[in-house]
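Student: Chains W and X are the protein sequences, given in the same order.
Numbering follows this note's numbering, in which position 26 of the first sequence is assigned residue number 28; successive positions increment by one, without gaps.
Numbering follows this note's numbering, in which position 125 of the second sequence is assigned residue number 127; successive positions increment by one, without gaps.
Protein chains: 2
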Amino acid sequence: MVTDQTAPRVTRRRVRTRANLLDAAFAVFAAKGFGRVSIEEVCEAAGYSRGAFYSNFDSLDELFFALYRQRADLIAEQVAGALALDGPDLDVPAAVDRVTEVLLLDLDWLLVKTDFLVHAARDPDVAQSLLEHRARLRDAIADRLLRARGLTELPAVLGDIDGAAHAVVAAYDGVTTQLLLDKDVEGARIWLKQLLTALLTDGSDPQRAH
Amino acid sequence: MVTDQTAPRVTRRRVRTRANLLDAAFAVFAAKGFGRVSIEEVCEAAGYSRGAFYSNFDSLDELFFALYRQRADLIAEQVAGALALDGPDLDVPAAVDRVTEVLLLDLDWLLVKTDFLVHAARDPDVAQSLLEHRARLRDAIADRLLRARGLTELPAVLGDIDGAAHAVVAAYDGVTTQLLLDKDVEGARIWLKQLLTALLTDGSDPQRAH
DNA sequence: GTCTTTCGATACATCGGTGTATCGGATACA
DNA sequence: TGTATCCGATACACCGATGTATCGAAAGAC
C-alpha cells in the first residue's frame, strides 16, 4: 500500500535540511539584510552546498517568503495565546503587558520583519499576503477588546472596536520603527504600553496602567 | 583673487550631473529597492556612464546617504513651515491637517525612507544620524504643542510635552507601515488625523477634528 | 540486507557588476 | 581666444554569484 501515488517520497533528511537552511537564513538575513545576502552565504551558514539549496527552493525570494511565514505564524500563535490567557472579562492592562512582552522580544525578528515589509511594498502579491496576515492579527485584538467592553470605555474618536484594533497595530508599528534605531527593547516596551493606554482608555478614565 | 586655495575648481557641470544622478537614483531606488539596485542601473537611468558616478561618489552607500539627506532636509523644511504657519496659539487640528498633507504626500519617498531605515538599523553610525534627525523633528513638534498649551489639554498618560511629540512621530511611523502595503494615501491621511486627535486631545475634551 | 528512489555535493559554463586606468572633450578663468 | 584644469566616457581585468548537469551516497520500502 502506498500513501500517495503522485507526491515524491517524503524523506526525513529533507525536512531537516530545509529547517536548517531556514534557521541559517534567519541569522544571515538579520545580520546583513535581505538585499545584501547571497544564496551562497545562506548555504555556508547552514553548512550545506548550493546543491541543497536548489533542491529545496527555487530562489532567495521563495526562501525569504517561507521564512517569514514560518516565524510570523509562530509569533501570531504566541500573541493569540497571550490574548486568550485570562478569562472572558479580565483587565486590559494585563493583556497589554503580556502581548507587549511577546511582540517586542526579538530585535532580529523585527529587523527581518521590516525587511519583509519593504519587500512586500514593492510586490503586490506579497503585500496582499501580508495585509491578510495583519488583518487576522487585528481581528484577534478586536475580539479581545470586545470582551473587555464596559470595563474600559474606548475613546470615540477611533470609531468602532475595529478602529481601536487598527490603532493598536499602528502603535506597535510606530514603536518598532524607533526601536530599530535605538535598540532599547525595555524602553520600547514601556513606551508601547503608555501609547496603548493612551489610545485604549478614555482620558477621563481613572483606571490606568500601573 | 582666488576663492579657495585647496579645493578643486568647482565646475557648474559637476553639480548638474550630481543632481541628475541623485534624481535618477531616487526613481530607481523607489522602484526596485536599495538592495536590488546596481551602480550601472542608476547611471543608465541618469544617462551617464559609470565614469560619472565614480567621479562623484565612492559607493552606492554614499549616494544613498546623500540622497536621503537631501530629501529628508527638504521635507523637514516643509514640515517646519506647516507648523509655524499659524499664529502663536491657533488650533492644533489645522496644524495637524497641514502636517499630515506634507508627510503623506509621496509614496515613493516613504518607500525610500523605509529602505533607509532598515539600512540604518544595521549601521550604528547611520542610525545615530537618523536618530538625530528624528529628534530635531520631535523638537519642532514639541515647540508647536507648547504654543497650543491651554487650548487643548494633553492626556496625562503620555507624560510631558516631549512625550506627546514622541507619540506623534510614532503615530506617523505606524500609519506609514500600513500605507506602504495598501497604498491608500487618502485613507492614511484621515487615519493619521484620527490617531493624532485621539493621542493629543483629552478624551473628555469636546473639541475634536472636524 | 537489497534495491530503488531521493538528496545534496561537485564541477562547469556563464553572466553581470565592480573598480581602475586612460584619454579626449568640456569648462572656467585670464 | 588661449590654456590649464576638470569631468566623464571608454576599455579592460577581475571577481563573485548564478543555475545546471552529473554522480555518489544516504534513506526508505520490502
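We treat Cβ as the ideally placed atom computed from N, Cα and C, and that holds for glycine.
(1) Pull up the CB-CB distance for residue 30/W and residue 17/W, whole angstroms please, since I reckon it's below 8 Å.
(2) Could you check whether residue 102/W and residue 201/W sit closer than 8 Å to each other, using their CB atoms as the reference points?
(3) Return the residues of the segment 37 to 68 of chain W that lie within a Cβ-Cβ distance of less than 8 Å from chain X, sorted by chain order.
(4) In the structure shown, what three-state DSSP assignment does residue 151/W receive?
(5) Going by DSSP in three states, residue 50/X sits in which element: helix, strand or coil?
(6) Taking its Cβ as the centre, do 16 or more other Cβ atoms sit within 10 Å of residue 72/W, making it buried, or is it exposed?
(7) Please say whether residue 137/W and residue 163/W have beta carbons closer to each other than 8 Å?
(8) Check whether the Cβ of residue 94/W lies closer than 8 Å to any Cβ atom in chain X.
(9) Would you give the residue range spanned by the alpha helix (DSSP H) that residue 71/X belongs to?
(10) So the alpha helix (DSSP H) residue 164/W belongs to, where does it begin and stop?
(11) Helix or strand or just coil, what does DSSP make of residue 101/W?
(12) Taking any Cβ of chain W, which residues in the segment 122 to 151 of chain X have a Cβ under 8 Å from it, in chain order?
(13) Do residue 171/W and residue 139/W have their C-beta atoms closer together than 8 Å?
(14) At a CB-CB cut-off below 8 Å, which residues of chain W make contact with residue 199/X?
(15) Consult DSSP for residue 107/X and reduce its assignment to one of helix, strand or coil.
(16) Give every residue of the same chain whose Cβ lies closer than 8 Å to the Cβ of residue 135/X, excluding the five residues on either side of it in the sequence, and list them in chain order.
(17) Of all the CB atoms in chain X, is at least one closer than 8 Å to the CB of residue 175/W?
(18) Beta-carbon separation of residue 132/W and residue 174/W under 8 Å?
(19) Hey, how far is the Cα of residue 176/X from the Cα of residue 130/W?
(20) Would you mind telling me which residues of chain X sit closer than 7 Å to residue 179/W, beta carbon to beta carbon, in chain order?
Tutor: Based on what the coordinates show:
(1) Within the first sequence, numbered from 1, the residue matching residue 30/W stands at position 28. Within the first sequence, numbered from 1, the residue matching residue 17/W stands at position 15. Not a contact, Cβ separation roughly 20 Å.
(2) Working through the first sequence from its first residue, we reach residue 201/W at position 199. Working through the first sequence from its first residue, we reach residue 102/W at position 100. No, the Cβ-Cβ distance between residue 201/W and residue 102/W is not below 8 Å.
(3) 37 and 38
(4) Along the first sequence, read from residue 1 onward, the residue named residue 151/W stands at position 149. Correct three-state label for residue 151/W: strand.
(5) In the second sequence, counting from the first residue as 1, residue 50/X sits at position 48. In the structure shown, residue 50/X sits in coil (DSSP, three-state: anything other than H, G, I, E or B).
(6) Position 70 of the first sequence holds residue 72/W. Flag for residue 72/W reads exposed.
(7) Taking the first residue of the first sequence as position 1, residue 163/W is located at position 161. Taking the first residue of the first sequence as position 1, residue 137/W is located at position 135. No, they are not a contact pair.
(8) Along the first sequence, one-based indexing puts residue 94/W at 92. Closer than 8 Å: no.
(9) Against the second sequence, residue 71/X aligns to sequence position 69. Residue 71/X -> alpha helix (DSSP H) spans 62 to 86.
(10) Here residue 164/W refers to the residue found at position 162 when the first sequence is read from its first residue. Residue 164/W -> alpha helix (DSSP H) spans 163 to 184.
(11) Locating residue 101/W in the first sequence gives position 99, where the first residue counts as 1. Of the three classes helix, strand and coil, the one that applies to residue 101/W here is helix, per DSSP.
(12) 122, 123, 124, 129, 132, 133 and 136
(13) Looking up residue 171/W in the first sequence gives position 169. Looking up residue 139/W in the first sequence gives position 137. The answer is yes: Cβ separation under 8 Å.
(14) Residue mapping note: residue 199/X aligns to position 197 of the second sequence, counting from 1. Simply 159.
(15) Along the second sequence, one-based indexing puts residue 107/X at 105. Three-state result, residue 107/X: coil.
(16) For the purposes of this step, residue 135/X is taken as the residue at position 133 of the second sequence. Excluding sequence neighbours, residue 135/X sits near 74 and 78.
(17) In the first sequence, the residue the question calls residue 175/W occupies position 173. It does; some Cβ of chain X falls within 8 Å.
(18) Sequence index remark: in the first sequence, residue 132/W carries index 130 (1-based). Sequence index remark: in the first sequence, residue 174/W carries index 172 (1-based). No, the pair does not count as a contact, with Cβ atoms beyond the cut-off.
(19) Sequence index remark: in the second sequence, residue 176/X carries index 174 (1-based). Sequence index remark: in the first sequence, residue 130/W carries index 128 (1-based). Those two C-alpha atoms are separated by around 18 Å.
(20) Here residue 179/W is taken as the residue at index 177 of the first sequence, counted from 1. Near residue 179/W (Cβ distances below 7 Å), the residues of chain X are 119 and 175.
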